[in-house]
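Residues 74 to 329 in this note's numbering are what the sequence shown spells out, letter by letter.
Built from N, CA and C at the ideal position, the CB exists for glycine as well.
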Amino acid sequence: MRILYRNAIDSSGVTIAASSEGSDLPAVNVKHPFRSRVWRTGTSVANEWIKFDLGSAMAVQAVILLDHTLTESDSLIRLQGNATDAWDAPAVEESLVYNPSVLKHYLSSAQTYRYWRVTFAKSASGETRDIGRIYLGSYVELARGPAQPGGLKITPIDLSETNRALGGETYSEIKSMYDVIEIGFPLVPDMQMEQLKALAAVCGKHTPFFIDIDPAVKPYDLFYYGKAESLKGSEVVLWGSNKIRWKASMRFAEEP
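So, in structure tokens, the structure goes:
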């Protein structure tokens, strides 16, 4: 189970540029926490890129492109990293495997560079592509995932409103749906408790983060972008002469 919450592109002093952008949907939108506030490419070139000057070298081990409209016909979807703003032979060049709605890729080891780009070739230059939130940074891998059984609960929430007319007929105003996810962790070691406390200290209930509950078996079905709904306490369940184990949990709501 992986948690991603230290997004390098959110750091102060980061400069974002792109090969093209719509006048009302600029590239800087990818750092906005609202996933619906997208960057939209122009319609003049097929080879597109979005570039991040982080201001100084930062470690990157994961990239996420949320709510994109790239298609299976697009090609050369890559993450590049380099010490300078030169791209003929970048030090890092990783291919991303296409997936609808969200693209994600984990590097085998962290790479530390100042300049990073995401590139792709549209199937036709006259078309546009959108990308919502982008994550570029490190991740935390927890030693223990949800308890089994009963350690993972997913509840769909529908914001739609249904009322009745005077004749008794129902009518509905259709609104967004999202999931609320509750995770229980059994016998958590001290290191994992410190990782969960660090997440709470940075994100609280105010800042969204990414969570990859089962990257190997459910790489997209259990992948979420959301905010904590509440900050859960922890409880010592085992205290021996050489180890402590905790009972911990988290509850967060998907950002629609």
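Do R122 and S92 have their C-beta atoms within less than 8 Å of each other? The sequence shown places Trp at residue 122, not Arg. Remark: C-beta atoms of W122 and S92 approach each other more closely than 8 Å.
With a threshold of 16 other CB atoms inside 10 Å of the CB of S85, please say whether the residue is buried or exposed. Looking at its Cβ environment, which holds fewer than 16 other Cβ atoms inside 10 Å, S85 is exposed.
Could you check if P219 is buried or exposed, using at least 16 other CB atoms within 10 Å of its CB as the buried criterion? By the 10 Å Cβ count, P219 comes out buried.
Bridge partners of L77, per DSSP? Looking at the DSSP output, L77 shares a beta bridge with F283.
Is A135 helix, strand or coil when you go by DSSP? Three-state DSSP puts A135 in a strand.
contact_flag[the region 291-310, the region 250-262] where n(CB pairs < 8 Å) is 3 or more: With the cut-off at 8 Å, the region 291-310 and the region 250-262 touch.
With DSSP collapsed to three states, give me the class of V101. Collapsing the DSSP output to three states places V101 in a helix.
Go to V275, then tell me how far its alpha helix (DSSP H) extends in each direction, as first and last residue. Per DSSP, the continuous alpha helix (DSSP H) segment holding V275 begins and ends at D263 to C276.
Within its chain, find whatever has a CB closer than 7 Å to the CB of P229; leave out the 5 residues flanking it on each side and keep chain order. Contacts found: M250 and D252.
Would you say L295 reaches chain D, if we count a Cβ-Cβ gap shorter than 8 Å as a contact? This model lacks chain D altogether, as it is built from one protein chain only.
Beta-bridge pairing of D252 - partner residues as DSSP gives them: Paired residues: P229.
Taking 8 Å as the threshold (C-beta atoms), are L260 and L311 in contact? Yes, they are a contact pair.
Taking the straight line between their C-alpha atoms, what separation do you get for S129 and T243? Computed Cα separation, rounded: 58 Å.
DSSP three-state assignment for I204, whether helix, strand or coil: Strand, per DSSP.
Between the region 143-161 and the region 101-110, can you find at least three pairs of beta-carbon atoms closer than 8 Å? Between the region 101-110 and the region 143-161, the count of C-beta pairs closer than 8 Å stays below three; the two stretches do not touch.
Segment limits, beta strand (DSSP E) that includes P292: Unbroken beta strand (DSSP E) run through P292: K291 to S303.
The ligand MN heavy atoms versus the CB of V118: any closer than 7 Å? The ligand MN is not part of this structure, which contains no ligands at all.
Check the DSSP bridge columns for E178 and list the partner residues they point to. Note on identity: in this sequence residue 178 is His, with Glu being the wrong assignment. DSSP lists V136 as partners of H178.
Do you know how far the Cα of Y179 is from the Cα of D287? Cα to Cα, D287 sits roughly 14 Å from Y179.
Contact between the region 133-152 and the region 165-182 (3+ Cβ pairs under 8 Å): Output reads yes: the region 165-182 touches the region 133-152.
Secondary structure of D126, DSSP reduced to three states: Strand at D126.
Can you tell me whether L239 is buried or exposed, with buried defined as 16 or more other CB within 10 angstroms of its CB? Per the 10 Å Cβ criterion, exposed.
Among T201, N172 and D158, nearest to I89 - alpha-carbon criterion: Here the closest residue by C-alpha is D158.
List the endpoints of the continuous beta strand (DSSP E) containing F325. Taken as a continuous stretch (DSSP letters only), the beta strand (DSSP E) holding F325 covers I317 to E327.
Counting only the same chain and skipping the five closest in sequence on each side, list residues whose C-beta sits under 8 Å from that of E302. Answer for E302: V253, K278, R324, F325 and A326, listed in chain order.
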